[in-house]
Amino acid sequence: MMLMKCQLLHSHLNTQDNKINYSCEQCKVQFSCKSDMRKHAKTHLPAIGRSYTCDQCGKQLSYAKTLANHIKGVHLKIKKHSCENCAKSFFSLAELRQHSPVHSEQKSFVCELCGASFKQRTCLWSHKKWNHEELIYKFECTLCGKKFVKNYSLYEHMKRHSDVRPYKCDICGHGFKLNYDMLRHKQDVHSTTRPYLCTICSATFKTARALKQHGRTHIKSRT
């Protein structure tokens, strides 16, 4: 029964796009985009030298400090990059650079579907989302109707509908549908490390959620 569900999953994905050219060497899942295939292939690699896992997004990092910086910028939403023209702040330098064209008259981002041009990539994406939704969300789940931009995203989503739990916790044997869920389980339940560091008072925490909750106490103390 489980084998049949796996076969149906792969069959479902393959019918979504006739231009599938790239196949994962480990599990034979196919992708139309090489970058998606490479991203998927990384899920088969062991986390060599990576001992810190973000319980919010599953990202693995080698050092506690790197993990703390990741949480601070991505999950705690600390904006440390400011625009010199309008003083607006951003979480990362990449976002600041993406914002900069707002102060220019040049519209460098062109919609390949209708020719409309925009100053920012985010504006172009919003335009596509609202005006060309059927063309960009072309990968649809036949079980729940949810649509995705990429075949890989649909593949990951389909695991939620399957009873197969291929990702096993090597400590307690509990199975999970997604690798991210397994990593989060290990961090929440089995980990004894406290890699989440408060950069204000140096307090450490077991999970990012605990650090985030603690961070609010500093915000309240300033008001």
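Take the sequence shown: its letter number 56 is residue 56 in UniProt numbering, and every next letter is one higher. C-beta: ideal position from N, C-alpha, C; glycine also. Being a predicted model, the structure only gives us computed values, none of them experimental.
Residue from the options with nearest C-alpha to residue i
i	options	result
Trp130	Thr142, Cys114, His218 and Glu105	Cys114
His157	Cys141, Tyr167, His174 and Arg165	Cys141
Lys159	Lys107, Asp170, Leu197 and Cys144	Cys144
Ser191	Cys172, Cys86 and Ser126	Cys172
His161	Lys128, Tyr152 and Lys177	Lys177
Ile71	Thr217, Ala210 and Pro101	Ala210
Ala94	Tyr196, Cys111 and Val74	Val74
Asp163	Gly175, Ser153 and Cys123	Gly175
Glu188	Thr122, Asn85 and Cys57	Correcting the residue identity first, residue 188 is Asp in this sequence and not Glu. Selected option, being the one with the closest Cα: Cys57.
Glu133	Cys123, Leu197 and Lys147	Lys147
Arg165	Lys59, Asp181, Tyr155 and Arg121	Asp181
Arg97	Lys119, Cys111, Val110 and Glu112	Lys119
Where residue i sits in the DSSP three-state scheme
i	result
Thr192	coil
Pro46	The predicted position of Pro46 is uncertain, since its pLDDT is 46 and thus under 50; a value taken from the coordinates is nonetheless stated next. If DSSP states are grouped into helix, strand and coil, Pro46 belongs with coil.
Val164	coil
Ser153	helix
Gln60	strand
Gly173	coil
Leu178	coil
Thr204	strand
Ala199	In the sequence as displayed, the identity of residue 199 is Thr instead of Ala. The answer is coil: DSSP assigns Thr199 none of H, G, I, E or B.
Proximity of residue i and residue j at Cβ, strictly below 7 Å
i	j	result
Thr53	Leu183	yes
His103	Phe90	no
Leu207	Asp55	Leu is not the amino acid found at residue 207; the sequence shown has Thr there. Yes, they are a contact pair.
Lys107	Ser117	yes
Arg216	Phe205	no
Tyr167	Asn151	no
Worksheet item: Along the chain, which unbroken stretches of the beta strand (DSSP E) at least 3 residues long are found entirely within the region 67-155?
Response: For the region 67-155, there is no continuous beta strand (DSSP E) assignment of 3+ residues that stays within its boundaries.
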